[in-house]
Structures are given as C-alpha cells and as structure tokens.
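Quick note on numbering: the sequence shown equals residues -18 to -1, 1 to 505 in mature numbering (1 follows the signal peptide of the UniProt record, and there is no 0).
Where a beta carbon is used, it is the ideal one built from N, C-alpha and C, also for glycine.
Please read these numbers as outputs of a predicted model, since none were measured by experiment.
For reference, the structure is listed below as structure tokens.
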Amino acid sequence: MKKLLLLACLLFAGVARAAIDPAVLAPLAGDDPDARVAAIANIGALATDDATRLLTALQNGDVYATPEGKLYIVADDKATDAATGATGPLPEGLDGVMINNRLRGAIEEALSALKMFSPERSQRLAAAIELQKSATLSQAPLIEKALGKETDAEVRDLLRLVAATANLQSPDAAKRRGAVEALAGSSNASLRPTLQAMVSGDADPSVRIAATQTLQALDSRLARTEFIGNVFYGISLASVLLLAALGLAITFGLMGIINMAHGELLMIGAYTTYLCQLAFRRWAPDALDWYLAAALPAAFVVTAAVGIALERTVIRWLYGRPLETLLATWGISLILMQAVRTIFGAQNVEVANPSWMSGGVTVLGSLVLAYNRIVIIVFALLVVAGVWLILNKTRLGLFVRAVMQNRRMAGCVGVSSAKIDMMTFGLGSGIAGLGGVALSQLGNVGPDLGQGYIVDSFMVVVLGGVGQLAGTVIAALGLGEANKFLEPVAGAVLAKIAILIFIIIFIQKRPQGLFAMKGRSAE
C-alpha cells in the first residue's frame, strides 16, 4: 500500500511539474507547416517563462526531437525535456527541429507579444508600442490576455489599440467593425493601407462605413501631428541657425567684417567639444555625462582666442576694405580646415550625447520631440539673452556701440577703438564656438562642418537687418520654419533655392533688412 501511495505521489509530482502540455508540443516534431505555426501560437499564448524559454531556444536552433516526437532543449551536453522541464543526459536519436522562414516569423511574433507580460513597465510599454505597427490576428488571444492582466493605465490604453489592430483581420464582421471603431483615436500611420483596403474591399457595408470614418479621423490627426512636428523641427533648425549666425551678427553686423572663416570657428568649437569628451572618458569616466559643462567655456575661450589672433594679425589691417577682407578670411578658412584635417584626420569624429540628452518625449501618440533638440532650443535662447545683456547692460557693450556708431568721437572720449575691435571680434568668435558645441550634439563632427552653415548665417544676418539682434532672431525663426514647411513639398534643394530667391527679392525692396539700423551708424 505504501509503495502504491509513493508511486501515486511521484506521478502527481511529475504531472504538476509539467511545463507545457505534450499535445501542444507534438506538432513541432511533425511536418505539417500549418500545424507547426499553430503550435507556436499556442505556446506563446501560455505566457509563461517556460514558453518564453522554449521559443527562444527554437529561435536559436537549440531544440531537438527524438524519433518518438519528444522535444528537448539542448545546452552544454544536457537535455531539458520541453514538456516536464526535467534535465538529464542526451537521449539517443536526437534530431534538430528545422526552422524555416515562416516558422521563424511566427516565433518572432510570439516572443514580441510575450514581452507584454514583463514585470518591467517600460518593457511592456515598449512592446505595446512596437506591436501597434505589426499586430496580427494570431497574436490576438495573447494580447487580450495581457490586457486582462495589465494594471498601468497608459499601457492598457495602448493594448486596447493593439488588440483592435490585430482584430482588423478577423473573419467576424462584428469584430472587424468594433476594431475599426476602436482605432478612431489612433495616430498609427501604418494603419492607413489596411483601412483603405477595408473602405474599398470589405464585404460588410457597416465595416466599410466605419473604416471610412476612422480613416478620415486618422488623416486629420496625422495632418495635425505633422504640422506640430514641422513647427517644432522648424524651431529646432532656427535655434541652430541662430547659434551659427549670432557671432556673425556681431562681426559682420556691428563691425562690417565679411568673415568667410566664421564657419570654421563653428567647426573649432565642435572639435573642442570632442576633445573635452575624450578628456572626460580618459580621466573622469564617472562624470562623462557632464563633459558639456566643461566644453561650453572651453569652446568659447578657444574660439575667442582664435578670433582675437585673426583680428590682431590679419583683419585689423583690412578695415574698410570688404573685398580684401573676404578674400583673406576665405584663405584663413582653408588654412583652418587643412590644419584640422592634419591634426584629427579627414574622417568625421563622433561626439555622443550625454545620457540626459538621449531619447525624447512622445506627444500626440507618435510625434517624438528629441531631448537634444529641446536642450539646444533652450540653450539658444540663453545665449541670445546673454548677448543682449552684454551689448546693452555692460561697459563693454557701451563701448562697442559707441565705437560702431562713431569711431572718432569714441576715440576723443578715451575709448581705445583698437582694443574694442579686438574684444568685439573675440566675442563674436566665442559665440560661434558655442554654436559649434550645439552642432556637435546633432551629428558627427568633421573638417567641413562649418561650410554648411556659412551661407545660411549670412542670409539670417542680412534678412534680419545688419547689426540688429532682434532681427537676427526673427530671421532665423522665419528661415527655419520656411525650410521645414517647404522641404516636404519641394525637396531640400528646391526649398533652399526658393528661400534664397525670396531673400534676394526682399533685399532688393528693403536693403536694410527687417529692422533698419538707427543712429549715425546707419549712415
């Protein structure tokens, strides 16, 4: 009697330990492709750790079958029974379970859906966002199961949309109609082809009507999202143009120097940022996220020093001779580019965003506002405020305005015009260095970095009004928004050509730009 009880207990323990029903696993050892795909869906629907382990092993080619059809996960010369979870030596006659592309796709779908059961909210949210783009009918049971267990409100809302996306392919017309109506609040652009096909080809009239209404709502929402996205990225481009042009607004706008090497000052600022990043990686890796705190003053000081050196050695002899200044600074720009190529090489170098500037915030369901661009917009506003304070609220700013308006009278009251010229050019060059720091956070840094911004910077300064800080800000904002709204219609090249033609016509009608210079300096 005791032996019978012991045997019964062992059998019960074996059943209780069963990881996956052998009947669910059996088709994987067979040759029926439809049955094998259905088996993958059934395994995924279990939503257990054992199911995830088996599907991962299948994906990696670690699942083998015996001649009797039992499945084993093989690792380190040990075989784990897929049905019971028991581990032992390798059975005889094992043969690998063949995985074709169709089965591999079914496995990837199942594993993707299983992420919805992760204990980490961030992983569940990411899985729901990803499934919005590709949810299939075979995943519907698993999605419904995840929806029933989900406690987070945001993830639940997304899972409802995911479930509706999966049910668009349902053979039941009522389910299809309910799914279409549920998607009326979605912003998923990938749904448009499916909804368009349902509008013209669904057999049920009520489904076609619902699909038409949902498609109209989706198009309206996408248009609104695109408009807001263009506004944001237009402001982002405007902030970059503003940082690139602000130093030029001082050297060209206030001093009248046509500095063709201004783009290379941006480039020097970007390379200074790169060197600061390297220094932090080597000597302070734990504080790497704060290398920008050192890069900002370093870039300002380095580019200001380069600008002062240029002004003292070359430009001071060319005041009032615009053609000679243009040619000289163009030659200087070539020298600076070649010097950088010699030191750093011709290839671009990477300046990585700090972790707190990586990623973005998602708004309106699908529009991602990148953190690095948001930070640069705020930084541009702070730089503009700083320049305004320097020019209008400091002794240096008073002397700058005095020299630029009437050089001889300023000299008569004891202002050293040569020293002010040097400091003004250094200030404009330093601000260009700050612009280079910002540009380094948007892409790779190379010797030709500044060449892409020199023409745009001159356009901003000329359009805004020479010497006018407010005009520079407004012109940068206008050009940035115009670029972003014209590019989808005309393309990037034609958009720039259209803007250039507009500026030429505008300057012909209003040579002083948006804001005219006041006082004797206007003469």
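Enclosing beta strand (DSSP E) for residue i [first to last residue]
{"i": "Y46", "result": "45 to 47"}
{"i": "V343", "result": "342 to 345"}
{"i": "L349", "result": "349 to 352"}
Given residue i as reference, the closest of the options once Cα atoms are compared
{"i": "A64", "options": "I2, S100, D44, Q41", "result": "I2"}
{"i": "L364", "options": "G327, L416, F326", "result": "L416"}
{"i": "T285", "options": "T406, L300, Q259", "result": "T406"}
{"i": "M319", "options": "A261, A252, G302", "result": "A252"}
{"i": "R116", "options": "A88, D134, S100, R138", "result": "The sequence given here places Ser at residue 116; Arg does not occur at that position. Measuring from the Cα of S116, the nearest candidate turns out to be A88."}
{"i": "A464", "options": "Y54, G216, K401", "result": "G216"}
{"i": "D58", "options": "G51, P49, T69", "result": "T69"}
{"i": "T30", "options": "S202, K60, F99", "result": "F99"}
{"i": "K97", "options": "M80, L76, G78, L129", "result": "L129"}
{"i": "N374", "options": "Q121, Q450, G473", "result": "Q450"}
{"i": "A21", "options": "D32, T34, A5", "result": "A5"}
{"i": "residue 527", "options": "G51, V144, I317", "result": "There is simply no residue 527 to check, as the chain begins at -18 and stops at 505 in what is shown."}
{"i": "D154", "options": "D184, T133, L173, P175", "result": "D184"}
{"i": "E332", "options": "V283, D32, L257, T62", "result": "L257"}
{"i": "E132", "options": "Q121, P101, Q151", "result": "P101"}
Beta carbon of residue i nearer than 7 angstroms to that of residue j
{"i": "L177", "j": "A193", "result": "yes"}
{"i": "T255", "j": "V419", "result": "yes"}
{"i": "A334", "j": "G342", "result": "no"}
{"i": "G432", "j": "M249", "result": "yes"}
{"i": "V397", "j": "F234", "result": "no"}
{"i": "T196", "j": "A166", "result": "yes"}
{"i": "L346", "j": "T207", "result": "yes"}
{"i": "L40", "j": "L7", "result": "no"}
{"i": "L224", "j": "I413", "result": "no"}
{"i": "L445", "j": "G495", "result": "yes"}
{"i": "L124", "j": "A27", "result": "yes"}
{"i": "residue 523", "j": "G410", "result": "Residue coverage of the chain in this structure runs from -18 to 505, which leaves residue 523 outside it and unanswerable."}
{"i": "M404", "j": "E293", "result": "yes"}
{"i": "D134", "j": "R103", "result": "yes"}
{"i": "Q114", "j": "V144", "result": "yes"}
{"i": "S422", "j": "L230", "result": "no"}
For residue i, three-class secondary structure by DSSP
{"i": "K60", "result": "strand"}
{"i": "G70", "result": "strand"}
{"i": "Y256", "result": "helix"}
{"i": "A(-11)", "result": "For A(-11), the pLDDT reaches just 42, beneath the cut-off of 50, and the residue's location in the model is therefore unreliable, although a value from the coordinates is still provided. If DSSP states are grouped into helix, strand and coil, A(-11) belongs with the helices."}
{"i": "V437", "result": "helix"}
{"i": "G183", "result": "helix"}
{"i": "V395", "result": "coil"}
{"i": "residue 506", "result": "Since the first residue shown for the chain is -18 and the last is 505, residue 506 is missing from the structure and cannot be characterised."}
{"i": "Y301", "result": "coil"}
{"i": "G495", "result": "coil"}
The alpha helix (DSSP H) enclosing residue i, as first and last residue numbers
{"i": "A321", "result": "304 to 326"}
{"i": "V137", "result": "135 to 149"}
{"i": "A128", "result": "122 to 131"}
{"i": "Q387", "result": "377 to 387"}
{"i": "E332", "result": "Element bounds for E332: n/a, residue is neither H nor E."}
{"i": "K157", "result": "155 to 164"}
{"i": "Y273", "result": "273 to 295"}
{"i": "I481", "result": "474 to 491"}
{"i": "N170", "result": "Taken as a continuous stretch (DSSP letters only), N170 belongs to no alpha helix (DSSP H), as it is neither H nor E."}
{"i": "L93", "result": "83 to 96"}
Span separating the alpha-carbon of residue i from that of residue j
{"i": "E112", "j": "V350", "result": "15 angstroms"}
{"i": "P336", "j": "V288", "result": "27 angstroms"}
{"i": "G313", "j": "G393", "result": "32 angstroms"}
{"i": "P71", "j": "A23", "result": "29 angstroms"}
{"i": "L380", "j": "A226", "result": "24 angstroms"}
{"i": "A11", "j": "V162", "result": "38 angstroms"}
{"i": "W272", "j": "M339", "result": "11 angstroms"}
{"i": "L85", "j": "A110", "result": "22 angstroms"}
{"i": "R492", "j": "A275", "result": "42 angstroms"}
{"i": "I210", "j": "G453", "result": "24 angstroms"}
{"i": "D430", "j": "P267", "result": "29 angstroms"}
{"i": "N149", "j": "R158", "result": "6 angstroms"}
{"i": "I481", "j": "L141", "result": "45 angstroms"}
{"i": "Q329", "j": "A321", "result": "13 angstroms"}
{"i": "V366", "j": "I486", "result": "26 angstroms"}
{"i": "I358", "j": "L219", "result": "10 angstroms"}
{"i": "Y46", "j": "I25", "result": "16 angstroms"}
{"i": "T295", "j": "R264", "result": "36 angstroms"}
{"i": "V181", "j": "A164", "result": "16 angstroms"}
{"i": "I489", "j": "F262", "result": "47 angstroms"}
{"i": "A95", "j": "I483", "result": "53 angstroms"}
{"i": "A17", "j": "I191", "result": "36 angstroms"}
{"i": "A33", "j": "D201", "result": "39 angstroms"}
{"i": "Y435", "j": "I372", "result": "25 angstroms"}
{"i": "E505", "j": "A458", "result": "Here E505 scores only 46 on pLDDT, less than 50, and its place in the model is too uncertain to base an answer on."}
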